[in-house]
Amino acid sequence: MKIPKFLRNLLQSNNYCDKNSAKFAKANEYLGKLFPGQLQQDVTGQYIEPEYDKFLDAQKKFDDDIQNEKLIVSTSNIPNDKEQKSENKTDPNKVTDIKMSIDGINWLKGKEDKILDKQGNHIIYDDQTGKPVNTKKHLPKGATIGYGHLIKKGEDFRNRISEAKATELLRADIAIAERAVQDNINVPLTQNQFDALTSLAYNIGTKNFAISTVVKYINNPKFHSSVYPNLESAWKAWNRSQGEISNGLINRRQNEWNMYSRCIY
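Residue 835 in our numbering is what sits at position 48 of the sequence shown, and the numbering runs on without skipping anything.
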């Protein structure tokens, strides 16, 4: 859905999660002027962006308020009729303009296993056991390096990699998870929500993410699962490794949920 770019930036700011921040007050003031009495709040108390057609209905009043100096903001990003027609070629609800934040990346680094040598270089380890592997032998199926990078066929990291290379691999892997969120989530997200979903997709795999009950709950407020009664329970259900419940995954899901629902990194 389409709203002015300056307002979308406010909504995607991590400071929007803080109800006492100036950005929270500013964003809510603009939303209230654009859509008086039309907004709903999510479980975190943040406003849910209205449907695209409601934005078009509110646009004229918004322009009139600008002219009457009731609301002094930039209107360069408000679409006119011609822009609306061209933008209708794509789905306006797609999450396409958000990337994982620096806070999110640093948080993810802290959650992923890593093993360093005395010089601070990353060495290969077994993702299932968390222990270093003998690189002189055939690498196990779960051979991993850096921040959770599963070594693919044709990749050779037996000589270890630097922190810079580990971060480069992480960013490349995150991009795949970001795309999974962008392709499967059809409602607007704040930055903390996008970061949490990207972490989930990164950890459980993009295919699992695409078919998950988590995605169904987020995309459809009327969705109900007989197995998982709400979004939180569906999220936290991803707590198994090799068929067994993992305390590590229980903690990770809780931390992701705190990020998604309370903006706690």
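Positions of the beta carbon are idealized from the N, C-alpha and C atoms, including for glycine. The model shown is predicted, which means the values in this text are computed figures rather than measured ones.
Where S986 falls, given that 16 or more other Cβ within 10 Å makes a residue buried: buried
Best match in P919, S888, E899 and R795 for proximity to A953 [C-alpha to C-alpha]: E899
Contact set for F981: own chain, Cβ-Cβ below 6 Å, skip 5 residues either direction: I885
C-alpha distance - R1027 paired with Y803, whole-angstrom precision: 33 Å
I972 and I1005 closer than 7 Å at C-beta: yes
Residue range of the unbroken alpha helix (DSSP H) whose run includes I910: Neither: I910 is in no alpha helix (DSSP H) and is coded neither H nor E.
Nearest neighbour of G907, chosen from I948, D914 and Q915 [CA to CA]: I948
Where V920 falls, given that 16 or more other Cβ within 10 Å makes a residue buried: buried
Reduced DSSP category for N864 - H, G, I as helix; E, B as strand; rest coil: Confidence at N864 is low in this model, with a pLDDT of 41, below 50, so the placement of that residue should be treated as unreliable; the coordinate-derived value is given next. Note: N864 maps to coil in three-state DSSP.
Cα-Cα separation between P927 and D913, rounded to whole angstroms: 7 Å
Alpha carbon of A962 to alpha carbon of E816, nearest angstrom: 34 Å
Same chain, Cβ closer than 6 Å to F996, five either side skipped, listed in chain order: A967 and A988
Status (buried if at least 16 other CB within 10 Å, exposed otherwise) for P1008: exposed
Segment limits, beta strand (DSSP E) that includes I1053: Here the chain covers residues 788 to 1052 and nothing more, so residue 1053 does not appear.
CA-to-CA distance, N979 to N1017, given in whole angstroms: 19 Å
Residues near K918 by beta carbon distance below 7 Å, same chain, minus five either side: Y912
Through-space distance from R945 to Y1047, alpha-carbon basis: 37 Å
Three-state class that DSSP yields for S1028 in the structure shown: strand
Nearest residue (CA-CA) to K924, options D943, G935 and L818: D943
Neighbour-count burial assignment, V1002, 16 or more Cβ in a 10 Å radius: buried
Buried/exposed call for A809, threshold 16 Cβ in 10 Å: exposed
Cβ-based burial, D805 [other Cβ within 10 Å; buried from 16]: exposed
L843 versus R795: straight-line alpha-carbon distance, rounded: Here L843 scores only 45 on pLDDT, less than 50, and its place in the model should not be relied on; the value that follows carries that caveat. The straight-line gap from Cα to Cα measures roughly 16 Å.
Extent of the continuous alpha helix (DSSP H) to which S1048 belongs: N1034 to R1049
Which of helix, strand or coil DSSP assigns to L926: coil
Contact under 7 Å by Cβ, V882 with Q969: yes
Pairwise C-alpha distance: W1044 and N1034: 15 Å
Alpha helix (DSSP H) runs wholly inside the stretch 946–993, at least 4 long, in chain order: 950–971 and 978–991
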